[in-house]
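Quick note, the sequences are listed as chains A, B and C, same order.
Position in the first sequence (first residue = 1) + 21 = my numbering.
Position in the second sequence (first residue = 1) + 329 = my numbering.
Position in the third sequence (first residue = 1) + 146 = my numbering.
All remarks here apply to the structure that follows.
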Amino acid sequence: MLHLLRRIAFYVVTAWAAITVNFFIPHLMPGDPVQSLIARQQGKLTPAAIQALNVQFGLANHQSLWSQYLHYWGQLFSGDLGLSTSFYPATVENVLSAALPWTVALVGAATVISFVIGTLIGTVVAWRRGSWLDSILPISTFFQAVPYFFFALIVLILLGNDLGWFPISGGMDQGLIPGLDWATVSSVLDHAFLPGITIVVSSIAGWILAMRNMMMTTMDEDYVLVAQAKGLPSRRVIGYAARNAVLPSVSSFSLSLSFVVSGALLTEIVFSYPGIGFQLLQAVQSEDFPLLQGIFLVITFAVLAANLLADVVYAALDPRTRQEA
Amino acid sequence: MTTEHEPVLDIRGLSVDYGIGDGATHAVSGVDLLLRRGEVLGLAGESGSGKSTLAYAVTRLLRAPGVITGGEAWFHVPTEGGGETKVDLLAADAGQLRKVRWSEIAVVFQSAMHALNPVMTIGAQLTDVLKAHRPEMSRDARRERAAELLRMVGITSDRLTSHPHELSGGMRQRVMIGMALALEPRVVIMDEPTTALDVVTQREILEELIDLRDRLGFAVLFITHDLSLLIELADSIAVMYAGRLVERAPAAALFRAPRHPYTRGLLDSFPSLHGPRVTLTGIAGSPPDLRDVPTGCAFHPRCAHAMDRCHEDRPALLELGLADGPSRAAACWLQDGTQAPPAQLALPEPMGSVSS
Amino acid sequence: MSSSRRVRLPRSPKILIGLFLLLLFIVLAIIGPWIAPDDPSATTADLLSGPSADHWLGTTQAGQDVFSQLLVGARSTVFIGFLAGAIATVLSIVIGVTAGYVGGLVDDLLSMLTNIFLVIPALPLLIVLAAYLPRGASASPLVVALIVSVTGWAWGARVLRAQTLSMRRRDYVDSARIIGERRLRIISFEILPNLTAIVASSFLFTVLYAIGTFVALAFLGVVDVSHWSWGVMLFWAESANAPQVNAWWWFFPPGIAIALLGTSLALVNFGIDEFINPRLRAAGLSRKAAKRAGVPRRVRLGLTPVISGGKR
Chain A
22 MLHLLRRIAF YVVTAWAAIT VNFFIPHLMP GDPVQSLIAR QQGKLTPAAI
72 QALNVQFGLA NHQSLWSQYL HYWGQLFSGD LGLSTSFYPA TVENVLSAAL
122 PWTVALVGAA TVISFVIGTL IGTVVAWRRG SWLDSILPIS TFFQAVPYFF
172 FALIVLILLG NDLGWFPISG GMDQGLIPGL DWATVSSVLD HAFLPGITIV
222 VSSIAGWILA MRNMMMTTMD EDYVLVAQAK GLPSRRVIGY AARNAVLPSV
272 SSFSLSLSFV VSGALLTEIV FSYPGIGFQL LQAVQSEDFP LLQGIFLVIT
322 FAVLAANLLA DVVYAALDPR TRQEA
Chain B
330 MTTEHEPVLD IRGLSVDYGI GDGATHAVSG VDLLLRRGEV LGLAGESGSG
380 KSTLAYAVTR LLRAPGVITG GEAWFHVPTE GGGETKVDLL AADAGQLRKV
430 RWSEIAVVFQ SAMHALNPVM TIGAQLTDVL KAHRPEMSRD ARRERAAELL
480 RMVGITSDRL TSHPHELSGG MRQRVMIGMA LALEPRVVIM DEPTTALDVV
530 TQREILEELI DLRDRLGFAV LFITHDLSLL IELADSIAVM YAGRLVERAP
580 AAALFRAPRH PYTRGLLDSF PSLHGPRVTL TGIAGSPPDL RDVPTGCAFH
630 PRCAHAMDRC HEDRPALLEL GLADGPSRAA ACWLQDGTQA PPAQLALPEP
680 MGSVSS
Chain C
147 MSSSRRVRLP RSPKILIGLF LLLLFIVLAI IGPWIAPDDP SATTADLLSG
197 PSADHWLGTT QAGQDVFSQL LVGARSTVFI GFLAGAIATV LSIVIGVTAG
247 YVGGLVDDLL SMLTNIFLVI PALPLLIVLA AYLPRGASAS PLVVALIVSV
297 TGWAWGARVL RAQTLSMRRR DYVDSARIIG ERRLRIISFE ILPNLTAIVA
347 SSFLFTVLYA IGTFVALAFL GVVDVSHWSW GVMLFWAESA NAPQVNAWWW
397 FFPPGIAIAL LGTSLALVNF GIDEFINPRL RAAGLSRKAA KRAGVPRRVR
447 LGLTPVISGG KR
């Protein structure tokens, strides 16, 4: 319990840090942030929009930096992430709340699948060390070195364009009324397959390698030899080793999430998947800073939540954390 | 006289190497050992003498790069009909090994902290062997047996749900012993089971061991570098040096009348509680690097009585037992009958060598 | 003191391939612009055509030579990747070793900082940072490298801190402390030399990450797209819808180049990994000798092999 509380405290601090960084970056750059926004938009902003931005940035009343900071916190707590300049007058939350579920579903599912399958493969590769399975390692390493979006492009062309097996853009068939029926579900899965498979293949090497290395270290432990000495079936012996070897992978799950999320965003862009990644590209190209910052915060919070989940799983798996020595 | 029981573990000429080819290290060379039913055989030697390697090799648990390069190991197991059969441990495949492992031959590892799975409860680690070898047992029966095992080694059954890190060192070792006895094996191999413990706990565990052995009647191969532990425990003792057997004798005979200079040196290294004050002598020098063993007798550089012959020829294990007495042997040229051995190596055999 | 390890030449083929590729790319980065046949930005009338004698890798939508772009872009990509990797590694050494060695409150604060940077998703943060840069600032390689290294140091810092912690308790460090050697000396002469392998591995990993991040930022168009690099090539290819029109010669080469460079780094890292952790190497039986003796290639746990006729 104590272990979990510590982790929660850490996440709170991290969230605070992210929010603070988010606030300060625009103010770090020379000049008034709104002015620079205006300059960039080159006259595309209406006076009303400018006024709204001023209010959002707390500049309307010429407050001090500290009160602007507090004002920012206030906005966040009321769920106000600001106004999007490219989708004006839509707010950032509007734009993101439509996109977020797509990303969470895709990235969440793909990451879990990648973790599970990668860990299983890593276990087998370590157990059968010296067999042909060892060649899996360099192959998956190559795939991991391929940038996500490049692999996505290949997949898009080969499986989408040329072979036409899967749709190459969108989250769902156009014109389909979403509902809890097979048509919707199959359409969603259909569209999610290519981006999903891209994420899985690109990230699986890390899990395979981590599990394989940890299994080899664990298999040197006495308790694995004891399990053999006990005459237990091979399955059980592997299981004993794996249950211990998987722990570092679970704890590092949170760390690699940062990578996976970055890669996933780019993958979404390639497949025009209606998630956050797509909005990110839009925000960059139209220099919609409030949207950019909103995306950063939303992604950070999602990652923190996923980390917390991983910590809970870890505590469940390792009895040593339940007791402070 | 000692009633000689039938053999249960018969090792002949076992040789074990680490590595293959020219660079291989000969960890065990041509060792013969015979463990009889219900007997406690102590296997003593310094680290690097090959005693642990021997034990793990016999059970085929030796890790890479260990390979068995010669010899035989026969294990006598009971058969369905009440008879007995011999299992060739070195030729057995995985399935055959799995059948005899733990149910007939169990191992207590040196460090209980590392030999117990940290993420499993004690209860689970006691019942997994029951599940694997006694599939007809119900879950309740298994749990009851696990509780019984813990009671047998002096631990309350509420510990079934504890994890290894919640127990003290002594308790963990007791769990290991209880675990080894779960299927009432014929042979228990104990690899320095008390080394990691303080002397008081060591004492307790040894006494419990003696008690359990008396009650359940299993044979023990007790590996240790500390001869003093074997005084009360062992029926016979084998001493190893640089991978070879240098002396083998009933325990009392070994303690009162050693025949090999190395054994003499080991005995002189620990003080006795009674008797006159003696200056403790160790053994000069240190055990040889197994990759570079001295020619002739491996012990000769450290031996106070070394002769020229010791430098050239390696002595075979010479049978020294009296005609009507128990078998004993030593690998030393001093005992070959061509000269009178020094006084400390020619003490009279103790009367009526009946162990406790 | 650090033991002198016999430098053993790597025997494994994958490590040798990795080294070879890596050197190839470094050479390419250096001589690339000199051997490029055309000016990568020069437009011709030969629009979007496939590989030919004039243009070995075809042309872009504006008639630019892809091959030249690839060669010129190598320098930027490799250089910024290694520069960012170096900056991040230096940062990770400073933060990681200090945290591990000094301990206490300093360690707590530095660890918290490290963990924060590990958890916060890197790409969105960097995009925000880069987007707010004054125009033209991202034309400077140093600025780009600095941005990329902002998030790249955290992983190495964590690993180095853990290693430093375990080394701190070793005897030779204790004795140096008792003698009264100054902390900086202890760190520089006792601890750092033993961390070399881990630092090398961490450096390569960080470079891999830096290249990936730099390419991603360029692909998104966040950094200055007027300087040629492989990521920028992909940016232009994507903007011109190259995949949809099957202009594979445009986006394939830079992508494959990035993948190969990354793979070479990962392979060399494999080698260092096996060097650090001997357990990952073969279990002490060389394959040929084992085969001759009849030992199965895959030594199973709990089934010690029995061979006949050992040398006695």
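The beta-carbon is built from N, C-alpha and C at its ideal position, and this holds for glycine as well.
So what does B/M569 bridge to, in DSSP terms?
DSSP output for B/M569 lists B/L574 as bridge partner(s).
Pull up the CB-CB distance for A/T144 and A/I259, whole angstroms please, since I reckon it's below 8 Å.
Correct: roughly 7 Å between the Cβ atoms.
Output the distance between the C-alpha atoms of B/S656 and B/G650, rounded to the nearest integer angstrom.
If I take the Cα positions, the gap works out to 5 Å.
Work out the CA separation of A/D155 and B/V517 for me, nearest whole Å.
The alpha-carbon atoms of B/V517 and A/D155 are separated by roughly 38 Å.
If the cut-off is 8 Å on Cβ atoms, which residues from the segment 423 to 445 of chain B count as contacting chain C, listed in chain order?
From the segment 423 to 445 of chain B, only A423 and L426 have a Cβ closer than 8 Å to chain C.
Under the rule that 16 or more other beta-carbon atoms within 10 Å means buried, what is C/F381, buried or exposed?
By the Cβ neighbour-count rule, C/F381 is buried, with 16 or more other Cβ atoms within 10 Å of its own.
Could you list the residues in the segment 253 to 279 of chain C with a C-beta less than 8 Å from some C-beta on chain A, going in chain order?
Taking 8 Å as the cut-off between beta carbons, the residues of the segment 253 to 279 of chain C near chain A are M258, N261, I262, L264, V265, I266, P267, A268, L269, P270, L271, I273, V274, L275, A277, Y278 and L279, in sequence order.
Please classify B/H640: is it buried, with 16 or more other beta-carbons within 10 angstroms of its beta-carbon, or exposed?
With a 10 Å radius around the Cβ and a threshold of 16 neighbouring Cβ atoms, B/H640 comes out exposed.
C-beta neighbour in chain B for A/L246, strict 8 Å:
Residue-level contact by beta carbon holds for A/L246 and chain B, with a gap shorter than 8 Å.
Chain C contact for B/A675 (CB, 8 Å cutoff)
Not one chain C Cβ lies under 8 Å of B/A675.
DSSP three-state call for B/L558: helix, strand or coil?
Looking at B/L558 - three-state DSSP - the assignment turns out to be helix.
Reduced DSSP secondary structure (H/G/I, E/B, other) of B/F438:
Of the three classes helix, strand and coil, the one that applies to B/F438 here is coil, per DSSP.
Contacts of A/R257 in chain B (Cβ-Cβ under 8 Å)
Ordered by position in chain B, the residues that pass the 8 Å Cβ test against A/R257 are D457 and A461.
Are B/H443 and A/D243 touching if we call contact CB-CB under 8 Å?
With respect to A/D243, B/H443 sits close: the two C-beta atoms are nearer than 8 Å.
Report the residues of the segment 384 to 406 of chain B with a CB closer than 8 Å to any CB of chain A, ordered along the chain.
Result list: T388, L390 and R392.
With a floor of 3 residues, list each beta strand (DSSP E) that falls wholly inside the segment 135 to 218 of chain A, ordered by position along the chain.
The segment 135 to 218 of chain A contains no whole beta strand (DSSP E) run of 3 or more residues.
Going by DSSP, which residues form a beta bridge with C/T205?
Listed as beta-bridge partners of C/T205 by DSSP are C/D211.
Quick check: the segment 250 to 265 of chain A against the segment 164 to 183 of chain A, are at least 3 beta-carbon pairs closer than 8 Å?
Using a Cβ-Cβ distance cut-off of 8 Å, the segment 164 to 183 of chain A and the segment 250 to 265 of chain A are not in contact, since fewer than three pairs of beta carbons, one from each stretch, lie closer than that value.
When DSSP builds the beta bridges, which residues end up paired with B/I397?
According to the DSSP secondary-structure assignment, B/I397 is paired through a beta bridge with B/V345 and C/V452.
When the Cα of A/L97 is compared with those of A/P254, A/D332 and A/T41, which residue comes out closest?
Closest in C-alpha terms to A/L97, from the list A/P254, A/D332 and A/T41, comes A/T41.
Buried or exposed for B/G424, going by 16 or more other Cβ atoms inside 10 Å?
Its Cβ having fewer than 16 others within 10 Å, B/G424 is exposed.
Tell me, please, whether the CB atom of C/L194 is closer than 8 Å to any CB atom in chain A?
Not an interface residue.
At least 3 beta-carbon pairs within less than 8 Å: the segment 122 to 136 of chain A vs the segment 206 to 224 of chain A:
Contact check between the segment 122 to 136 of chain A and the segment 206 to 224 of chain A: three or more CB pairs, one atom from each, fall below 8 Å, which counts as touching.
Specify whether the segment 361 to 381 of chain B and the segment 556 to 576 of chain B touch according to this definition: at least 3 beta carbon pairs, one from each stretch, less than 8 Å apart.
In this structure the segment 361 to 381 of chain B lies against the segment 556 to 576 of chain B, because at least three pairs of beta carbons, one per stretch, are closer than 8 Å.
Is the Cβ of C/F360 closer than 8 Å to any Cβ of chain A?
C/F360 does not count as touching chain A.
To test your reading of the DSSP string, which unbroken alpha helix (DSSP H) runs of 4 or more residues are found completely within the segment 218 to 295 of chain A?
Segments of the alpha helix (DSSP H) lying fully in the segment 218 to 295 of chain A: 243 to 250 and 255 to 291.
Check for me: the beta strand (DSSP E) holding A/F317 runs from which residue to which?
Run containing A/F317: none in the beta strand (DSSP E); it sits in the alpha helix (DSSP H), F310 to L338.
Give me, in chain order, the residues of the same chain whose beta-carbon lies closer than 8 Å to that of C/L167; leave out the 5 immediate sequence neighbours on both sides.
A distance below 8 Å between beta-carbons, with the five flanking residues on each side excluded, links C/L167 to the following residues of its chain, in chain order: L406, L407, T409, S410 and L413.
Just grab the DSSP bridge partners of B/R430 for me.
Answer is B/I434.
Just reading off the beta strand (DSSP E) that B/V416 is part of, what are its end residues?
Per DSSP, B/V416 belongs to the beta strand (DSSP E) from E413 to D417.
Let me see if you follow: with CB-CB separation under 8 Å, is A/D332 close to chain C or not?
Judged by the 8 Å Cβ criterion, A/D332 is not in contact with chain C.
Proximal chain C residues relative to A/M240, where beta-carbon distance stays under 7 Å
Close partners of A/M240 in chain C (Cβ separation under 7 Å): L447.
Tell me whether the beta-carbon of B/S691 lies closer than 8 Å to the beta-carbon of B/H462.
Nothing can be reported for residue 691 of chain B: it is not among the residues displayed for chain B, which extend from 330 to 685.
Looking at C/A322 and C/I333, is the spacing between their C-beta atoms short of 8 Å?
Their beta carbons are not under 8 Å apart, which means C/I333 does not touch C/A322 by this criterion.
Name the DSSP beta bridge partners of B/A548, please?
As DSSP reads the structure, B/A548 sits in a beta bridge with B/V516.
Starting from B/R365 and walking both ways along the beta strand (DSSP E), at which residues does that stretch end?
Segment T354 to R365, the beta strand (DSSP E) holding B/R365.
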